[in-house]
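Visitor: Using the working numbering, the first residue of the sequence shown is number 565, and each one after it goes up by one.
The beta-carbon is built from N, C-alpha and C at its ideal position, and this holds for glycine as well.
As the structure is a prediction and not an experimental result, all values here were calculated from the model.
My questions all concern the structure below.
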Amino acid sequence: MKLRFSMLSITVATVLLVSSCFAQYDPHPDTIDYKENYRGQYHFSPKTGWMNDINALVYHDSKYHMIYQWGESKRHGGYATSCDLLHWVDRGVALIPQESFLPDEAERNVSGAEVYSGSGVVVSGETARKITGSSQESMVAIYTGTEVGTCLAWSNDGGTNWHDYHGNPVANPTGGADPRDPCVFWYEPTKKWILAIYEKGTTFYESTNLIDWHELSNIDFGFECPDVYVLPLDGDLKNMKWILQDANGSYLVGNFDGKTFREEQGPFVMDVGPDFYAGQTFFRENLPHG
């Protein structure tokens, strides 16, 4: 019997607001007003250009922040923010890789030939200090920098400026694009960061600081963009189950003890439509409730 879950589903909608506050670089014409023929009004879309996987979803400074793959020939980190998950502001491009096609005035501000998929977290204190040089609360994007490995980029000014971590790569060094698509989350029982990455299925790592990673285990499941989270079975908060999903929405139900994911049921498929791919959950530790 397939397990059923109580899960809040949020669709990223787009009623775009006008704003003069951009991120690292704004490549879009000022004339874009989202009133073009055939322009979708419900789901988010960038002002111009091609978008792909969501790369980081975090809540910080009373806003929801989204980094996504932007740019068809070379992947960048496009960036948007929202106060309510319905009305989004396109902030331009936050993560500009070394092989960017943007003009020279767009500073190549992060590691990697391209910015491939990843995830995002919010940190403060000693962890923030080791990454940014300051203990103030910061957003950290963890992504695959192609030809480099698993990399960090950070912002501690609300997303206006993004910076490369000087010690990249922090894990999974590569001369190509694999392993790729790191999903990072906080595991409270062991007080460790956990990284799940597409590597011979899904490989798990742990860290105390997002910088030094140690391999834990591997499970032969998944193709690209893993996500890992826990949900109450049939809404029962006393019966929590862990979900491991991949890019196309295939998922396993099981348990995770901070080191190993143990499958109990699956694989199942979340969606059979052609446009469901590389979904991911928000960083959960500081999300508002209610």
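Considering only residues of the region 591-651, which uninterrupted beta strand (DSSP E) runs meet the minimum length of 3 residues and lie entirely inside it, listed in chain order?
Guide: As far as the region 591-651 is concerned, its whole beta strand (DSSP E) runs of at least 3 residues are 615-624, 627-634 and 640-646.
Visitor: On the CB-based measure, 16 or more other CB atoms within 10 Å of its CB, does F847 come out buried or exposed?
Guide: Its Cβ being crowded by 16 or more others within 10 Å, F847 is buried.
Visitor: Kindly identify the DSSP beta-bridge partner or partners of S683.
Guide: DSSP lists I706 as partners of S683.
Visitor: Quick one, are the C-beta atoms of G642 and P610 less than 8 Å apart?
Guide: Taking 8 Å as the Cβ cut-off, G642 and P610 qualify as a contacting pair.
Visitor: Give a yes or no on whether the C-beta atoms belonging to Y729 and Y707 are separated by under 8 Å.
Guide: Not a contact, by the Cβ cut-off of 8 Å.
Visitor: Pull up the distance between the alpha-carbon of K566 and that of E828, whole angstroms please.
Guide: Confidence at K566 is low in this model, with a pLDDT of 41, below 50, so its placement is unreliable and the value that follows should be read with caution. Looking at the two C-alpha atoms, the distance is approximately 11 Å.
Visitor: Apart from the five residues on each side of it in sequence, which residues of its chain come closer than 8 Å, Cβ to Cβ, to G722?
Guide: These residues qualify, in order along the chain: H624, D625 and K627.
Visitor: Could you tell me if P593 is buried or exposed, where buried requires 16 or more neighbouring beta carbons within 10 angstroms of its beta carbon?
Guide: So P593 counts as exposed.
Visitor: Skipping 5 residues on each side, what residues in its chain have a beta carbon closer than 6 Å to that of K755?
Guide: Cβ within range, chain order: n/a, list empty.
Visitor: Quick check on the burial criterion: 16 or more other C-beta atoms within 10 angstroms. Buried or exposed for H651?
Guide: It is exposed - the Cβ of H651 has fewer than 16 other Cβ atoms within 10 Å.
Visitor: Under the rule that 16 or more other beta-carbon atoms within 10 Å means buried, what is L621, buried or exposed?
Guide: Label assigned to L621: buried.
Visitor: For the alpha helix (DSSP H) that contains E770, what are its first and last residues?
Guide: Careful: E770 lies outside any alpha helix (DSSP H), inside the beta strand (DSSP E) at T766 to S771.
Visitor: Report buried or exposed for V582, applying the criterion of at least 16 other Cβ atoms within 10 angstroms of its Cβ.
Guide: A caution first: V582 carries a pLDDT of 42, below 50, which makes its placement in the model unreliable, though a value can still be read off. Exposed, because fewer than 16 other Cβ atoms sit within 10 Å of the Cβ of V582.
Visitor: Given a cut-off of 8 Å, decide if L851 and L774 are closer than it, judged by their beta-carbon atoms.
Guide: For L774 and L851, no; Cβs fall outside 8 Å.
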